[in-house]
Amino acid sequence: MNAPHQNEGVIPDALATELTGAEIVVRALRDEGVEVIFGYPGGAVLYIYDELDKQDAIQHILVRHEQAAVHAADAYARATGKVGVALVTSGPGATNAVTGIATAYMDSIPLVVISGQVPVALIGNDAFQEVDTVGITRPCTKHNFLVRDVRELAQTIKKAFYLAASGRPGPVLIDIPKDVTAKRCPYEYPEKVLLRSYKPTIRGHSGQLRKALGLMAEAERPLFYTGGGVILANASVPLTRLVRHFGAPITQTLMGLGGYPANDPQFLGMLGMHGTFEANMAVQHCDLLIALGARFDDRVTGNLAHFAPHAKIIHVDVDPASISKNVKVDVPVVGDLGSVLEEMLDWVQESGLHGNGPALERWWQQIEEWRSRDCLHYEQGESIIKPQYVIQKLHELTGGDAIVTSDVGQHQMWAAQFYGFAKPRRWINSGGLGTMGFGLPAAMGAQLAEPSATVVCITGEGSIQMNIQELSTCQQYKLPIKVLCLNNGYLGMVRQWQEFFYEERYASSYMDALPDFVKLAEAYGHVGLRAEKPSEVEPVLKEALRLKDRLVFMDFLVDRTENVYPMVPAGAALSDMILV
Amino acid sequence: MGQSHIISVLLENEAGALSRVAGLFSARGYNIEAMTVAPTHEPSVSRMTILTHGSAEIMEQVLKQLNKLVEVIRVQDLSDGPHIERELMLIKVHAVGSDREEVKRLADIFRGRIIDVTDRSYTIELTGTGEKLNAFLHALDPGMVIEVVRSGASAISRGAKSI
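For the record, the sequence lines run as chains A and B.
Be aware that the first sequence starts at 102, since it is given in this note's numbering, and climbs by one per residue.
Be aware that the second sequence starts at 174, since it is given in this note's numbering, and climbs by one per residue.
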């Protein structure tokens, strides 16, 4: 029922064409094409909520904690490539959002976060629910704004969306004092924004591109090393073509998985701390490393002094500051990966450049030898469920086509190792910040982005409890997420480090007093299933996937002391792997 | 420790821009020896001069990270070419008896100006490179100095071009 507005008919003509700040926020979001936002109301954003409630174009998802709102918006962005949007109130609403913002910042995810603020006149007075949101979020946003004048609101929102999505993407926060959302001004949404101080480079330098391709054609032991930048730039197709054209092996970072089909024989698996033997050995022996949209993170490189010691390095990245930050690069190329790879393909066509046949053959022989080490091998016996087995079965039953979100820890690494991602935007995890509690809200964002997709949250009994309240949100919006909990009763990755590096002193890594997750799921109105024996794994997974319209929480009681292998100890060279 | 560098930054004259630059230096562990900022002839643009030191690799990162800030319009390491550096120092010294003549003479040698006088003190204004100001301070008996305030370096490239 539409209640008549109290003021209808009495608004003076001059004001009738003007909008309130709250109306401007909602109109601008609509003009940006936003369909879903995630948020939590509070005093400072009530005018905005009031306006949201009067329209249907934008769906608002009410989470149970602001951190979850930002993670959900983040995953929505990762699944779709659009800008995710979250709305939180001032003070604790904003501080709760910070973990989500920092998560998105580390993984370069385009987000616009709108936070309420106390009225302009109260800023700096230690008012109720006041915090210096712009100050707190400055180091973990790409940029942020405090809007003190309603006349600046529309163009600030436009700038925020532009900054979030362009160049190296990232979260942008807009802090809006409550009185600004009540004041009126004429509304005009700008078509474009021009920022004299911000001009990201799109096209790579042609000379550098050709130099890079020349090296690729000459190299005897080339290796592609690609990261999340490939996913962000939607560059999987040209990447796949280029890698196949040169016939070289490819390895990917945790963030890059899905950028190249995992079932392809040229794919060596992930590299780095929990990378495959063949991928890490290839890095250490290659003579040309082609880094595309990757940032030489410490979890990838191991000891920098010993990283890729024989290689010339080509690095393509949209962010010049990523180039030569950790590792000195021989051929730097600044540009958008999609544009750069397309131009490379054109030049390959024109020039007839191709891979170094005979040398490549020898290189592949060496790689196959490393590969035959079968470093991810595990034995699934009769009595105890191996966590790797659960992931492998999930892969089989979903045809590798589910959207998989994860939390942080051992289960995340097993998901990365054993769920071969065939396509981009199917693997959604907190790579840079390593945020436990990311998985479930991320699954909500992914499910809202792709309502008909199978969305699986791979988690552990530790991580899931960091945002388990979101089971309630999932019930409210009927999100049929499949939660796959690898329950080993330990903070598994912490336990693993303690076993290896702290002489088996398991300080605070045992998860005592766990809830009965099946009953807990049922209490939230969902379906709970448990598997205790290997023979129960497949039936539980099948049952969960059969219940297409229900959230199913699968509690897998797995081997309590299984470790993630291979492992490069922190600070060691990539070739110094602990193997099974 | 690396070589000293003078970096000029043009940035939007907006609230928060200064703290973004300062925050960048502290978050990434870069050194700041001095930093000055004021609006330019174009009121919407501020110019900042940062005195810092570090290896060539670190300086490359400093410049890239500064450029990455959305409000930063242009960045240049003035140490790469010929440039002029000036700093202003105001220094208050005890000046009684024979010291009065001595301090005045010293100020003249350094082309300083005495801008405030009491029966017991002089306040001297001195401009020059940081090195010259240091030299003046060393030339004084440390016991004479009451207080010192330095502006931090301002710098500009030689020649007709702007940064």
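All C-beta atoms, glycine included, are put in the ideal place defined by N, C-alpha and C.
{"Item": "A/E231 - DSSP class collapsed to helix/strand/coil", "Value": "coil"}
{"Item": "Chain A contact residues for B/G189, given Cβ-Cβ distances below 7 Å", "Value": "V235"}
{"Item": "Proximity winner among A/D250, A/S216 and A/P211, relative to A/A222 (alpha-carbon distances)", "Value": "A/D250"}
{"Item": "A/P142 beta carbon less than 8 Å from that of A/L212", "Value": "no"}
{"Item": "Backbone secondary structure at A/H416 - three-state DSSP", "Value": "strand"}
{"Item": "Nearest neighbour of B/E304, chosen from B/T213, B/A333, B/T225 and B/E260 [CA to CA]", "Value": "B/E260"}
{"Item": "Pairwise C-alpha distance: A/P240 and A/F522", "Value": "32 Å"}
{"Item": "Helix, strand or coil at A/E109 [DSSP, three-state]", "Value": "Since pLDDT at A/E109 reaches only 46, below the 50 mark, its modelled position is unreliable, and the value read off the structure follows with that caveat. Reduced to three states, the DSSP call for A/E109 is coil."}
{"Item": "CB contact check: B/Q249 to chain A, cutoff 8 Å", "Value": "no"}
{"Item": "Same chain, Cβ closer than 6 Å to A/I485, neighbours up to 5 away in sequence not counted", "Value": "D660"}
{"Item": "Cβ contact check for the region 350–362 of chain A and the region 332–342 of chain A: 3 or more pairs under 8 Å", "Value": "yes"}
{"Item": "From A/A169, A/Q168 and A/G182, residue whose alpha carbon lies closest to that of A/V135", "Value": "A/G182"}
{"Item": "Members of the region 296–310 of chain A that neighbour chain B once the beta carbon cut-off is set at 9 Å", "Value": "L296, R297, S298 and Y299"}
{"Item": "B/P212 versus B/A200, B/F309, B/A190 and B/A229, residue with shortest Cα-Cα distance", "Value": "B/A190"}
{"Item": "Endpoints, the beta strand (DSSP E) within which A/G185 is located", "Value": "G185 to V189"}
{"Item": "Beta-carbon spacing of A/D508, A/G538 below 8 Å", "Value": "yes"}
{"Item": "Cβ shell of A/D151 (< 8 Å), same chain only, five flanking positions each side left out", "Value": "A123"}
{"Item": "Touching by the beta-carbon criterion (3+ pairs, under 8 Å), the region 652–668 of chain A and the region 597–613 of chain A", "Value": "yes"}
{"Item": "Nearest neighbour of B/T222, chosen from B/E230, B/R201, B/G196 and B/L184 [CA to CA]", "Value": "B/L184"}
{"Item": "Own chain residues within Cβ distance below 7 Å of B/T225, not counting five before or after", "Value": "H178, I180, Y203, N204, I205, E206 and V235"}
{"Item": "Delimiting residues of the beta strand (DSSP E) encompassing A/N588", "Value": "K583 to N588"}
{"Item": "The region 192–208 of chain B: positions lying closer than 8 Å to chain A by Cβ", "Value": "S192, R193, G196 and A200"}
{"Item": "Best match in A/H244, A/E133 and A/V235 for proximity to B/L242 [C-alpha to C-alpha]", "Value": "A/H244"}
{"Item": "8 Å Cβ cutoff, B/I336 in contact with chain A", "Value": "no"}
{"Item": "Length of the line joining the Cα atoms of A/G330 and A/K259", "Value": "24 Å"}
{"Item": "Presumed contact (8 Å Cβ cut-off) between A/S209 and A/P270, rounded CB distance", "Value": "5 Å"}
{"Item": "Supposed close pair A/N588, A/D656 - CB separation, criterion 8 Å", "Value": "5 Å"}
{"Item": "Contact under 8 Å by Cβ, A/P220 with A/P278", "Value": "yes"}
{"Item": "Neighbour flag for A/H407 against chain B, beta carbons, 8 Å", "Value": "no"}
{"Item": "Interface partners of B/E260 on chain A, CB under 8 Å", "Value": "None at all; the shortest Cβ gap to chain A is about 27 Å."}
{"Item": "Close beta carbons around A/E133, own chain, < 7 Å, minus the five adjacent residues each side", "Value": "F262"}
{"Item": "Alpha carbon of A/T682 to alpha carbon of A/H166, nearest angstrom", "Value": "Residue 682 of chain A falls outside the range modelled here, since chain A spans only 102 to 681, and no answer is possible."}
{"Item": "Cβ-Cβ distance between A/W464 and A/R322 below 8 Å", "Value": "yes"}
{"Item": "Neighbour-count burial assignment, A/A158, 16 or more Cβ in a 10 Å radius", "Value": "exposed"}
{"Item": "Alpha-carbon to alpha-carbon, B/H267 and A/L295", "Value": "56 Å"}
{"Item": "Minimum C-alpha distance to A/V232 - residue among A/P287, A/A145 and A/K155", "Value": "A/A145"}
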